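> Our numbering numbers the first residue of the sequence shown as 649 and each following residue consecutively. Next up is a structure, given as structure tokens.
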Amino acid sequence: MKSSSKIAKSFVVCVLLCMLLAACGANSSVETASSSVQATTGSGQASSSTTPETRLFRDYQGHEVTIPTHPKRIIVNQFMGHLLAVGVKPVGATSNQLSQFEKSSFLKPLGLTTGIEDLGTTISLEKALSMEPDLIILQENANEETQNYAAFSKIAPTVILKYGSKTMLDQLKEVADVAGQPQKAEQWIAQYEKKVKQYREQLAGVIGSNVTFTVMEAWPKSEIMIFGNLFGRGTFSLYNSLQLKAPPKVQEAIMDKEPSYVKVSLEALPEYMGDYVFLSVYDWQNGDNSKLENELKNAPVWRSLSVVKENRVIPVSVDDFLPGDPLSIEKQMEKQVQLLLEHYKK
């Protein structure tokens with residue numbers, strides 16, 4: 649059995665190498681890869697009475713890629729949650745995405761990742777080939793994969809998208825467009841904005857118009873992350889949807905900007921403090937969030953903050969608030985409203 653497994657694995661690698669070597673003898677541009685896709689999906693010229701099987705898409709890096717109009721087998725190293733929001737289940741996703749859904753108390757009960765294959769920490773060329781995708785979506789700053797763009801594009805049409813350069817709703821529209829489901833994105837946004845309206849009505853008259861909110865996260869080595877509205881952690885729902893205000897320093901430094909976060913020391917923390925703080929703790933080194941939280945609470949600078957003394961710190965779970973996909977953000981907004989109303993009733 650082990651011998652058969654090795655033979656099978658060697659065969660897959662050989663096939664991949666043959667594909668890549670063959671590609672080197674021809675024009676290796678995206679247009680060439682696109683032409684091969686057209687050849688396998690039909691003539692590339694659809695009749696006027698039918699939807700074309702393929703279409704051109706310009707990705708973040710300017711590649712003109714011929715992609716399926718309605719892809720069936722997508723693999724991703726980011727944007728899994730965006731696809732699921734519009735009813736598209738990728739056949740494969742990286743471990744980090746699947747882990748986030750598994751850890752989230754908001755998303756795990758939904759069982760949305762059933763049937764999605766774990767592609768590992770990064771997507772190898774061998775794994776990508778074995779999945780037989782008809783579309784590959786890569787995050788722009790995922791170096792290992794994007795550096796192999798030419799090789800991935802020989803396996804299937806490959807597009808690169810930038811994460812965090814747009815608001816969540818605009819990012820959803822972009823991903824839905826790639827997946828051939830633009831109308832599903834509009835439908836999702838309509839129901840989301842309906843909820844936003846209801847939540848804002850609940851908060852009206854409860855929270856003053858000049859009250860400010862900081863979203864921060866404690867990291868190892870006494871590092872503090874302050875987040876703007878383009879980086880997850882519930883910031884889009886808090887600032888864009890619920891339209892609650894950030895303190896001046898946060899507004900100036902990171903709102904609507906890339907990167908939409910800033911790393912500060914404990915000593916610099918007072919500059920970024922709003923009237924209220926949403927706090928998460930993320931020990932990404934050792935996984936001991938409780939220990940890290942205790943270290944923060946015992947730090948003299950932290951204990952001296954008025955927001956701490958006056959009990960205006962609202963703790964949230966990093967597992968629930970780390971993801972920045974539409975499904976998570978919708979649930980994060982619901983939780984934020986619940987926590988704010990509970991706090992103001994005290």
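Beta carbons are placed, not taken as given, at the ideal position from N, Cα and C, and that holds for glycine. Treat the numbers as computed from the prediction; the structure is a model and nothing was measured.
Name the DSSP bridge partner or partners of S913?
E871, per the DSSP bridge assignment.
> Under a three-way DSSP split, which group does P748 fall into?
Before going on, a small fix: residue 748 reads as Gln here, not Pro. Here Q748 sits in helix by DSSP.
> Quick one: residues in its chain with C-beta nearer than 8 Å to the C-beta of K756, no 5 flanking neighbours on either side, listed in chain order?
Answer for K756: F749 and E750, listed in chain order.
> Can you find the residues in the same chain that come closer than 7 Å, C-beta to C-beta, to M921, ignoring five residues on each side of it along the sequence?
Excluding sequence neighbours, M921 sits near T862, P895, L953 and V955.
> For a cutoff of 7 Å on Cβ pairs, would you count V807 as touching chain D?
The structure shown contains no chain D; it is built from a single protein chain.
> If you compare alpha carbons, which of E765, G763, L851 and G882 is closest to L988?
The candidate whose alpha carbon is nearest that of L988 is L851.
> For the pair the segment 712-731 and the segment 773-781, tell me if three or more CB-CB distances fall below 8 Å.
Result yes; three or more Cβ-Cβ pairs closer than 8 Å.
> Taking DSSP as the reference, what is the three-state secondary structure of E712?
In this structure, E712 counts as strand in the three-state DSSP scheme.
> Using the beta-carbon count (16 or more within 10 Å), is W950 buried or exposed?
Counting Cβ neighbours within 10 Å, W950 comes out buried, since at least 16 surround it.
> Exposed or buried, which one is Q726 when buried takes at least 16 other CB atoms within 10 Å?
With 16 or more other Cβ atoms within 10 Å, it is buried.
> Assuming the contact rule is C-beta atoms closer than 8 Å, D766 and L746 should be a hit. Round their C-beta distance to whole Å, please.
Right, their Cβ atoms sit about 6 Å apart.
> Within a Cβ cutoff of 8 Å, which residues of the same chain sit near I855, ignoring the five residues on either side of it in sequence?
L892, L988 and Y992.
> Going by C-alpha to C-alpha distance, which of N877, L704 and Q980 sits closest to V844?
Nearest of N877, L704 and Q980 to V844, Cα basis: Q980.
> Which two residues bound the contiguous alpha helix (DSSP H) that contains Q899?
Here the alpha helix (DSSP H) through Q899 covers P896 to I902.
> Return the CA-CA distance between I803 and A776, expressed in angstroms with no decimal places.
Each residue's alpha carbon lies about 7 Å from the other.
> Report the partner residues of P963 according to the DSSP bridge assignment.
L927, per the DSSP bridge assignment.
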